[in-house]
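Student:
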Amino acid sequence: ALNQLHQISSMLQKTAMSMRMVPIKNTFQKMVRLVRDLARSSGKKVSLEMKGEETEIDRNVVEELYEPMVHMIRNAVDHGIEPPEQRLAKGKPEKGTIELLAYQRGGSIIIEIRDDGRGLDKEKILSKAIDKGIISGVEQLSESEIYNLIFKPGFSTSETVTEISGRGVGMDVVKKALEKLRGRVEIKSKPDKGSTFIITLPLTLAIIDGIIVRVAEQRYIIPALGILKSFRPNPNDYSTVEGKGEMIMVRGELVPLVRLHHLFELSERTIKPWEGLAVLIGNENEKLCLLVDELVGKEEVVIKTLGEALKNVKGLAGGAILGDGRVGLILDIPGLFAIAKNSQDLPAYSVQKVA
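This is the structure in structure tokens:
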């Protein structure tokens with residue numbers, strides 16, 4: 009009987025999910041006119057190609073996706089696609105191409121915005137970031153880290169304010185909008201070949217695959233999409249860095265450590281990091297280790313909004329009823345990265361405790 013109940017519950021969940029899903033076609037179609045208008049106003053020749061328009065995505069995600077996509081396409085026409093005479097001089101067709109591509113991969117929707125324009129200029133990005141005080145200039149940055157500087161607030165490489173991209177709305181707005189949807193964006197670019205912006209979004213905002221962890225007596229749910237691996241830290245890989253706090257060496261890279269016991273002010277069971285478990289979250293550009301007591305399991309959960317008492321707690325995205333009837337709190341991955349960057353948000357911790 010219990011098994012039958014579970015089957016009925018799963019069937020109802022799938023039916024409810026299918027009712028939320030809509031093709032991305034309408035959003036893609038709205039971009040046709042946008043590209044036409046932008047090409048006309050910029051004096052450039054641009055065609056738009058679309059693939060995967062029938063890919064289905066949560067209705068709520070689609071509605072929130074329109075503005076970031078508009079801004080990214082404006083950016084591609086304004087900064088990516090060259091004027092016809094420049095393209096011809098480079099041996100390219102005078103008409104530039106922007107391609108929109110959507111497909112599903114596991115529990116995610118991938119949207120690619122490609123252009124065959126001039127590509128991103130790494131040197132220009134670096135010098136602009138130094139001028140703006142975004143970086144000091146002494147950091148050794150990887151290619152993807154350099155590209156990601158364009159998402160920093162106040163960043164713009166354009167020498168002139170154009171009618172197309174305008175003033176005051178930077179690519180940081182795009183990144184924030186996508187993070188609000190539990191999504192992320194990465195960039196691939198080659199000089200004179202063009203750029204590709206790859207957006208990864210959850211299939212739905214209502215249901216997530218989560219890894220359940222125990223911290224003291226509380227259950228937390230980490231969205232599986234953001235987890236890279238879990239491991240027991242080695243004492244030799246642990247260190248503290250002045251101004252940055254506790255760090256764990258992971259594959260030759262120092263990664264900040266966030267103790268969920270401290271963040272949520274729970275009783276600290278695990279004093280030494282190597283007695284607990286570290287869950288590595290993030291992507292190739294930014295990583296964070298979360299210290300937990302135990303991995304409990306994996307579960308598909310329906311997200312519930314938090315009540316008044318918890319809605320302002322930093323680092324939480326929602327709650328869920330787990331399979332055993334307990335309540336789990338869903339961690340907000342972008343929020344945790346923000347907390348780690350502003351170490352004053354973390355409760356004070358005496359390093360001597362771990363000695």
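Counting in the working numbering, the sequence shown runs without a single skipped number right up to 363 at its last residue.
Ideal Cβ positions, reconstructed from N, Cα and C, are used throughout, including at glycine.
Quick one, which of Phe-272, Lys-100, Ala-47 has its alpha-carbon nearest Ser-55's?
Tutor: Ala-47
Student: Just list the residues that DSSP pairs Asp-123 with in beta bridges.
Tutor: Ile-106, Ser-203
Student: What residues are listed by DSSP as bridge partners for Thr-248?
Tutor: For Thr-248, which the question treats as bridged, DSSP gives the partners Glu-254.
Student: For the pair the segment 293-307 and the segment 319-326, tell me if three or more CB-CB distances fall below 8 angstroms.
Tutor: no
Student: What is the rounded straight-line gap between the Cα of Met-58 and the Cα of Ser-203?
Tutor: 16 angstroms
Student: Check for me: the alpha helix (DSSP H) holding Phe-272 runs from which residue to which?
Tutor: Premise fails: Phe-272 is in no alpha helix (DSSP H) and is neither H nor E.
Student: Can you check which of these residues, Gly-327, Gly-191, Leu-268, Glu-273, is closest to Ile-301 by C-alpha distance?
Tutor: Correcting the residue type first, residue 301 is Asp in the shown sequence and not Ile. For Asp-301, the nearest C-alpha among the options comes from Leu-268.
Student: Could you check how far apart the C-beta atoms of His-270 and Val-181 are, in whole angstroms? I think they sit under 8 angstroms.
Tutor: With 8 angstroms as the limit, His-270 and Val-181 do not qualify as a contact, their Cβ atoms being about 32 angstroms apart.
Student: Since Leu-288 contacts Lys-295 with CB under 8 angstroms, what's their CB separation in whole angstroms?
Tutor: Confirmed, about 6 angstroms.
Student: With H, G and I counted as helix, E and B as strand and the rest as coil, what does DSSP make of Asp-340?
Tutor: Here DSSP, grouped into helix, strand and coil, assigns Asp-340 to coil.
Student: According to DSSP, simplified to helix, strand and coil, what is Phe-159?
Tutor: helix
Student: Just verifying my parser: in three-state terms, what is the DSSP assignment at Asp-217?
Tutor: strand
Student: Could you give the C-beta distance for Arg-126 and Gly-88, rounded to a whole number, given that I count them as a contact under 8 angstroms?
Tutor: 6 angstroms
Student: For a quick check, are the C-beta atoms of Val-213 and Asn-68 less than 7 angstroms apart?
Tutor: In the sequence as presented, Val is not what sits at residue 213; that position holds Leu. Cβ atoms of Leu-213 and Asn-68: closer than 7 angstroms.
Student: How is the beta strand (DSSP E) around Asp-332 delimited, first residue to last?
Tutor: No residue range can be given for Asp-332, since it is assigned to no beta strand (DSSP E) and is classified by DSSP as neither H nor E.
Student: On a CA-only basis, which of Arg-222, Gly-251, Leu-330 is nearest Leu-298? Give me that one, please.
Tutor: Arg-222
Student: Can you tell me which of the three DSSP states Thr-313 falls into?
Tutor: coil
Student: Which whole-angstrom value describes the C-beta separation of Ile-117 and Val-43, a residue pair presumed to lie in contact below a C-beta threshold of 8 angstroms?
Tutor: In fact, because the Cβ distance is near 21 angstroms, the residues do not count as touching under 8 angstroms.
Student: Per DSSP, what kind of secondary structure is Ser-152 in: helix, strand or coil?
Tutor: helix
Student: Label Leu-263 either buried or exposed according to how many other C-beta atoms from any shown protein chain fall within 10 Å of its C-beta, with 16 as the threshold for buried.
Tutor: The question names Leu, yet the displayed sequence has Val at residue 263. It is buried - the Cβ of Val-263 has at least 16 other Cβ atoms within 10 Å.
Student: Name the residue from Ile-235, Ser-49, Glu-194 whose alpha carbon lies nearest to the alpha carbon of Leu-128.
Tutor: Glu-194
Student: Using the beta-carbon count (16 or more within 10 Å), is Thr-63 buried or exposed?
Tutor: By the 10 Å Cβ count, Thr-63 comes out buried.
Student: For Ser-197, is the classification buried or exposed, using 16 other Cβ atoms within 10 angstroms of its Cβ as the cut-off for buried?
Tutor: So Ser-197 ends up on the buried side.
Student: In terms of residue numbering, what span does the beta strand (DSSP E) encompassing Arg-267 cover?
Tutor: 261-267
Student: Which residues mark the beginning and the end of the beta strand (DSSP E) in which Arg-192 is found?
Tutor: 192-198
Student: Is the beta carbon of Leu-189 less than 7 angstroms from the beta carbon of Glu-72?
Tutor: yes
Student: May I ask you to verify whether the segment 232-252 touches the segment 148-159, counting CB pairs closer than 8 angstroms and requiring at least 3?
Tutor: no
Student: Can you tell me which of the three DSSP states Glu-61 falls into?
Tutor: coil
Student: Pro-91 and Lys-136 - do their beta-carbons sit closer together than 7 angstroms?
Tutor: no
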